[in-house]
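Q:
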Amino acid sequence: MKTRSPEFAMVATLAILWSIRGVIGIRFVIDREECFSHNVDYDGDTIHLSFVVIKSEGSWHYAPDGVDLVVKGPSGNQIHDFRDKMSEKFEFVAHQSGIHRFCFTNKSPYHETVDFDVHEAHFSYHD
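Counting in UniProt numbering, the sequence shown runs from 1 upward without gaps.
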């Protein structure tokens with residue numbers, strides 16, 4: 001059985017790391033509305049996002065309503081929206097570079113804690 005050289009492993013690892021443009025993760029407490037933005041460097045980059053509403057310790061503060069999330073592109077066009085979700089994963093191709101906005105809305109009478117992650121991947125293709 002033929003084994004790969006350490007140089008091959010290093011080149012493969014660097015290629016993977018270089019293709020990952022940026023990862024943002026944040027935990028925040030939302031009262032009514034919170035918006036975040038992320039600059040997408042290149043048209044065609046793949047954006048992966050996920051969020052989860054963390055259940056609080058006290059059951060009297062728990063509301064199963066979830067949160068809303070609206071994703072908008074640089075020109076203000078709506079890319080996707082989620083309604084009343086406790087968690088979600090989504091992936092899209094950014095057809096336009098620039099600032100993308102992610103706005104969460106909490107309709108619950110209680111503050112909610114949310115974990116939110118955005119991962120941008122850029123893959124170069126050469127002929």
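Note that the Cβ used here is the ideal one computed from N, Cα and C, for glycine as well. All of these numbers come straight from a predicted model, not from anything done at the bench.
Taking the straight line between their C-alpha atoms, what separation do you get for L49 and D65?
A: Cα-Cα distance, rounded: 20 Å.
Q: Name the two residues that bound the continuous beta strand (DSSP E) containing R101.
A: Run containing R101: 98–106, per the beta strand (DSSP E) assignment.
Q: What residues in its chain sit with their C-beta under 6 Å from that of F36, if we drop five residues either side in the sequence?
A: For F36, where only same-chain residues beyond five positions count, the Cβ hits under 6 Å are F102.
Q: With burial defined as no fewer than 16 other Cβ atoms inside 10 Å of the residue's Cβ, what is the status of V40: buried or exposed?
A: Label assigned to V40: buried.
Q: Using the Cβ count rule (16 or more neighbours within 10 Å means buried), how would you classify F28?
A: Burial call: exposed.
Q: In whole angstroms, give me the CA-to-CA distance for F123 and I47.
A: Looking at the two C-alpha atoms, the distance is approximately 12 Å.
Q: Which residue wins for smallest C-alpha separation from T113, given the options A121, E120, F104, H119?
A: When only C-alpha atoms are compared, the closest one is F104.
Q: Using C-beta distances below 6 Å, list every residue in its chain close to D84, excluding the 5 sequence neighbours before and after it, in chain order.
A: Closer than 6 Å at the Cβ level, and outside the excluded window around D84, lie D65, G66.
Q: Determine the DSSP secondary structure at S75, reduced to helix, strand or coil.
A: Residue state, collapsed to three classes: coil.
Q: Take the Cβ of V118 as the centre, count every other Cβ of all protein chains shown within 10 Å, and call the residue buried at 16 or more, exposed below.
A: The residue is buried, with at least 16 neighbouring Cβ atoms inside 10 Å.
Q: Please confirm whether any heavy atom of the ligand FAD lies closer than 6 Å to the CB of D84.
A: The ligand FAD is not part of this structure, which contains no ligands at all.
Q: Nearest by alpha-carbon distance to S75: which of F51, P109, F90, A94 is it?
A: S75 has its Cα closest to that of A94, out of F51, P109, F90, A94.
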